[in-house]
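Trainee: One structure is given below, represented as structure tokens, and several questions about it will come after.
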Amino acid sequence: MSFINYSSREINCKIVYYGPGLCGKTTNLQYIYNKTNPETKGKLISLSTETDRTLFFDFLPLSLGEIRGFKTRFHLYTVPGQVFYDASRKLILKGVDGVVFVADSQVERMEANQESYENLKVNLAEQGYDLAKVPTVVQYNKRDLPNAVAVEELRALLNARGSPEYQAVAPTGVGVFDTLKAVAKLVLTELKKGG
Amino acid sequence: MGTQLVMYDEEYNRINAVCDRLTKDANAKVVFLVDKNGQLISASGQTQNIDTTSLASLTAGNVAAMGGLAKLIGENEFPNQIHEGAHESLYMTIVGSRVVLVVIFETSTSLGLVRLRVKKASDELAKIFEALLKKTETPGGLASPFAEISDDDIDNLFSE
Chain B
1 MSFINYSSRE
11 INCKIVYYGP
21 GLCGKTTNLQ
31 YIYNKTNPET
41 KGKLISLSTE
51 TDRTLFFDFL
61 PLSLGEIRGF
71 KTRFHLYTVP
81 GQVFYDASRK
91 LILKGVDGVV
101 FVADSQVERM
111 EANQESYENL
121 KVNLAEQGYD
131 LAKVPTVVQY
141 NKRDLPNAVA
151 VEELRALLNA
161 RGSPEYQAVA
171 PTGVGVFDTL
181 KAVAKLVLTE
191 LKKGG
Chain G
1 MGTQLVMYDE
11 EYNRINAVCD
21 RLTKDANAKV
31 VFLVDKNGQL
41 ISASGQTQNI
51 DTTSLASLTA
61 GNVAAMGGLA
71 KLIGENEFPN
81 QIHEGAHESL
91 YMTIVGSRVV
101 LVVIFETSTS
111 LGLVRLRVKK
121 ASDELAKIFE
131 ALLKKTETPG
141 GLASPFAEIS
151 DDDIDNLFSE
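Heads up: the protein sequence lines correspond to chains B and G, in order.
Quick note on this note's numbering: the first sequence kicks off at 1 and runs consecutively.
Quick note on this note's numbering: the second sequence kicks off at 1 and runs consecutively.
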């Protein structure tokens with residue numbers, strides 16, 4: 001749910017990176033954080049365990065510039081991917097404006113991808129959202145690994161609705177900004193429609 | 001997808017005035033008002049050394065987590081929370097089930113005074129937000145600035 005402030009002429013939107021454990025959601029945010037100008041970003045907050053697994057969420061505020069005199073700000077969140085953190089995942093989805101589903105391309109993670117995708121649908125529905133109506137971008141991550149399955153196979157499983165999709169190698173940044181731009185664009189387009 | 005929070009000049013000024021007054025009346029260091037989704041609405045007092053964006057997001061996370069806990073034990077939510085530090089403490093209260101009022105205070109004031117002043121301020125804020133919600137829902141209100149944006153406007157954001 002975006003927040004439009006006519007007084008300070010700002011618009012704030014919330015984007016959530018979703019996906020199975022260890023698929024690279026936090027890595028996406030870390031890459032974005034490392035590659036953006038200091039004046040356009042805030043602090044990257046990671047609530048993680050001692051072994052660097054996301055416990056609650058990662059958070060990165062980003063400014064994208066102005067549209068018609070309104071400053072556009074995006075708040076990027078990740079959810080904890082591990083199955084047993086489901087209660088936390090639901091909380092992060094509250095007020096979401098756009099979703100990036102990060103899939104792990106490795107063949108042995110196909111089941112985890114599907115489980116996480118179904119979980120996204122269920123959790124969105126619990127918050128009163130329909131995944132088919134939420135601006136969504138699908139990212140096929142870890143494309144550099146030898147055991148990556150064909151994109152067609154991932155698409156059939158995770159992107160039947162034909163959302164914008166990108167292949168990525170998050171640690172080196174391949175596809176990371178393309179994904180972010182695509183979801184930001186979808187969110188702003190949705191706002192335009194809703195206006 | 002739920003009601004979008006929209007803020008107009010009139011309500012924004014009234015909200016800021018309530019927060020400013022609360023800062024003085026409670027002898028607080030900082031007063032924040034945060035949307036439950038983590039968006040900062042207003043900040044008053046000594047905010048210069050505080051990362052307000054992170055504070056807003058973590059406040060929302062905390063309130064959401066405590067709300068989840070409350071539901072597990074059969075409560076609707078925990079409307080008030082106090083976190084006591086060695087030098088500074090934090091008092092959070094949920095206003096109109098939509099926003100969170102956060103007061104950061106030092107040992108120079110007392111929890112009793114903070115509580116008392118917060119109660120009054122949160123009643124006033126609840127009324128303002130009620131009015132704001134009505135205004136947002138009224139058809140024919142201010143047109144969204146995004147109704148007129150073009151695809152080019154959006155593309156321009158990403159042309160670096």
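Think of the CB as a built atom: it goes at the ideal place given N, C-alpha and C, for glycine as much as any other residue.
All values reported here derive from a predicted model rather than from experimental measurement.
(1) For G/F158, return the contacting residues in chain B, with the cut-off set at a CB-CB distance below 7 Å.
(2) Listed in chain order, which residues of the segment 58-69 of chain B have Cβ atoms closer than 9 Å to some Cβ of chain G?
(3) Which parts of the segment 23-87 of chain B are runs of the beta strand (DSSP E), unbroken and 3 residues or longer, counting only runs that do not cross its ends?
(4) Could you check the C-alpha separation between G/A43 and G/D35 for me, to the nearest Å?
(5) Between which two residues does the beta strand (DSSP E) harbouring G/G45 extend?
(6) Pop quiz: G/L22 and G/V118 are said to be a contact at Cβ under 8 Å. What is the actual Cβ separation, rounded to whole angstroms?
(7) Specify the secondary structure class of B/A125 as computed by DSSP and reduced to three states.
(8) Using the three-state DSSP reduction, which class does G/I50 fall into: helix, strand or coil?
(9) Around the Cβ of B/S2, are there at least 16 other Cβ atoms within 10 angstroms (buried) or fewer (exposed)?
(10) Looking at B/F74: is its Cβ nearer than 7 Å to the Cβ of B/L62?
(11) Is DSSP giving B/N159 helix, strand or coil here?
(12) State yes or no: is the beta carbon of B/A103 nearer than 7 Å to at least one beta carbon in chain G?
(13) Out of G/I128, G/K127, G/N76, G/L101, state which residue places its alpha-carbon closest to the alpha-carbon of G/R115.
(14) Closest to G/V31 by C-alpha separation, out of G/F105, G/N156, G/A131, G/L5, would be which residue?
(15) B/L91 touches chain D at which residues, Cβ-Cβ below 7 Å?
(16) Using C-beta distances below 6 Å, list every residue in its chain close to G/L90, excluding the 5 sequence neighbours before and after it, in chain order.
(17) Between the Cα of B/Y140 and the Cα atoms of B/E153, B/N5, B/S48, B/D58, which residue gives the shortest distance?
(18) Given this structure, state the Cα-to-Cα distance separating B/V183 from G/H87, to the nearest angstrom.
(19) What does a CB cutoff of less than 6 Å around B/V187 pick up in its chain, not counting 5 residues either side in sequence?
Mentor: In short:
(1) K181
(2) F59, P61, L64, G65, E66, I67, R68, G69
(3) 45-48, 54-67, 70-78
(4) 12 Å
(5) 40-45
(6) 7 Å
(7) helix
(8) coil
(9) buried
(10) yes
(11) coil
(12) no
(13) G/L101
(14) G/F105
(15) Judged by its chain identifiers, the structure shown contains no chain D, and its protein chains are B and G.
(16) H83, I104
(17) B/E153
(18) 42 Å
(19) C13, D97, G98, P135
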